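Below you'll find the structure, written out as structure tokens, and then a few comments.
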Amino acid sequence: MHPNVYWAQTAKDVFLKVAIIDIQREPDICIEDEEIEFCAIGSTGTQGIQRYDFVIEFFLPIDASTSSFVIREREIMISLPKKETDWWPRLLHEPKKLPWLKVDFEKWKSEDLSSTDDDNPKDEIKKRLSDQVSSEDFLRSKYPDVYKDLQKHELSYVSESNRKIYLFFYNLFMFCTYLYIFSVLNIRYARLGNDFIPHAFKSVGSVLKMISLLMFLEVLHPIFGYTKTSSLNAFLTIGSRNFILFFLIDGEPRIQDKPVIFYTFTIYCLIELTKYPYYLLRTYDIQQGFIAWIRYTLWIPLYPATFICEGVIVLRNIPYFEETKKFTVSLPNSYNFAFHFPSVLRIYLLFVFFPTLYASMQAMYQQRCKKLNVKQYKKNKKGFFT
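So the sequence shown is residues 1 to 386, counted in UniProt numbering.
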């Protein structure tokens, strides 16, 4: 259930009023720079005691470190300082209307209204209606900056629709492609048994390489504003997978018939088959608890298994590249530059492998707590292993 949430703003702050009474225990309020997650057990007056929650993604970042909230008898007041002093045309990141989110006219203040005690937004609205002034003229005269932003976002509704259509079909295509790869691997393994394992790369390697290159679009999505994920994290994750595929597997034929290749491809598919259905539904804000649970639970065995398989591939390839000297630049040469590829692989295993595993597990653990409303205690907020 969603409680009624009333919002207001000044140029420096955003205020939320959550209308809940008879709060049974301390509410769980997680405030981050880009969103707020709220969960409490109480009553709204018309309903009995039950659980109320909501998630709001802000139009622009706020300063979570200086935010605060106060629990009152009939409401919870939340104060959210803005990172940059400015007026927001709306509270939400996406231009949509939520039935439980309303404007708090009693607290709303504008630059003009904050300097006088006689006027308030309700009087301004009544005056505008009595004078038969259009909403467009009223906004343009009283709030010119807000009017420009609203006009811009109104005109961008078509592009917002196109964004969702693009993301829907992108995620659908990726899901279907990984489902095809997973089906080929399992059907042929069921038919041929262990005799198929050495031929896994020949069967699906070209398709997997193509789809892995296409995944670099996920690095561009946050840059163009299509998603709110991190471009850097996406680049590191997708880049490392493509490095394994193109340099270590495709670049050395003797590793391609090893069983670890079959296991690696299978795990890749399982990870993506749990990810893309979740993103597919999230594009249109469809909440599926089971899909979210699968997405943020199966990584617990799959991520370590992926790193183990990739570590085996790196380790097995070191003597091969020592022998072939592939990707190695030896002296003397015209550039007076040397590069020993097997040494890079050794450095990766010694100094990069375990920190990368730790960072990935930590990030996914925090995402799991956030998406599944799992409470993080102080002793494990720093990471998965602490």
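Built from N, CA and C at the ideal position, the CB exists for glycine as well. Small disclaimer: the values here were computed from a predicted structure and weren't measured.
Distance, residue j Cα to residue i Cα
| i | j | result |
| --- | --- | --- |
| His221 | Tyr335 | 38 angstroms |
| Arg316 | Ile347 | 14 angstroms |
| Pro319 | Ile255 | 11 angstroms |
| Gln9 | Trp87 | 8 angstroms |
| Pro76 | Ile211 | According to the sequence shown, residue 76 is Ile rather than Pro. For Ile76 and Ile211, the distance between alpha carbons rounds to 48 angstroms. |
| Val352 | Thr324 | 24 angstroms |
| Gln362 | Asp104 | 39 angstroms |
| Val18 | Leu302 | 39 angstroms |
| Phe169 | Asn333 | 49 angstroms |
| Leu92 | Glu57 | 6 angstroms |
| Met174 | Lys83 | 37 angstroms |
| Met215 | Val374 | 30 angstroms |
| Lys209 | Leu273 | 17 angstroms |
| Gly239 | Leu213 | 9 angstroms |
| Pro342 | Leu349 | 11 angstroms |
| Ser115 | Ala11 | At Ser115, the pLDDT of 44 sits below 50, so the modelled position is not reliable; the number obtained from the coordinates is stated separately. Looking at the two C-alpha atoms, the distance is approximately 13 angstroms. |
| Leu331 | Leu248 | 23 angstroms |
| Ile261 | Ile267 | 10 angstroms |
Reduced DSSP category for residue i - H, G, I as helix; E, B as strand; rest coil
| i | result |
| --- | --- |
| residue 391 | Absent from the model: residue 391. The displayed extent of the chain is 1 to 386, so no value can be given. |
| Gln50 | strand |
| Lys96 | coil |
| Gln9 | strand |
| Ile286 | coil |
| Phe58 | strand |
| Lys17 | strand |
| Lys102 | strand |
| Gly42 | strand |
| Lys371 | helix |
| Ser67 | coil |
| Ile238 | helix |
| Ile23 | coil |
Nearest to residue i (by Cα), restricted to the options the options
| i | options | result |
| --- | --- | --- |
| Ile313 | Tyr358, Asp285, Phe265 | Phe265 |
| Asn186 | Phe15, Phe175, Ser203, Leu345 | Ser203 |
| Ser67 | Pro99, Asp33, Ile41 | Asp33 |
| Glu310 | Ser43, Ile181, Ile21, Asn242 | Asn242 |
| Arg163 | Leu350, Ala338, Ser79, Phe224 | Phe224 |
| Ile23 | Arg74, Tyr6, Lys12 | Arg74 |
| Leu270 | Phe182, Asp13, Pro27, Glu26 | Phe182 |
| Asp53 | Val14, Tyr358, Asn4 | Asn4 |
| Ser206 | Asp195, Tyr226, Val184, Gly289 | Val184 |
| Ser161 | Thr283, Leu98, His340 | Thr283 |
| Gln288 | Cys39, Tyr278, Lys102 | Tyr278 |
Proximity test, Cβ basis, 8 angstroms: residue i and chain C
| i | result |
| --- | --- |
| Arg191 | Among the chains of the structure shown, chain C does not appear; only one protein chain is present. |
Cβ-heavy atom distance, residue i to the ligand MG, below 7 angstroms
| i | result |
| --- | --- |
| Asn336 | As far as ligands go, the structure on display features none, and thus does not contain the ligand MG. |
For this session: Give, in chain order, every unbroken run of the alpha helix (DSSP H) that is at least 4 residues long and sits entirely within the region 177 to 236.
Result: 200 to 214, 217 to 223
Exercise. Which full runs of the beta strand (DSSP E) of 3+ residues lie inside the region 242 to 289, going along the chain?
Worked result: none
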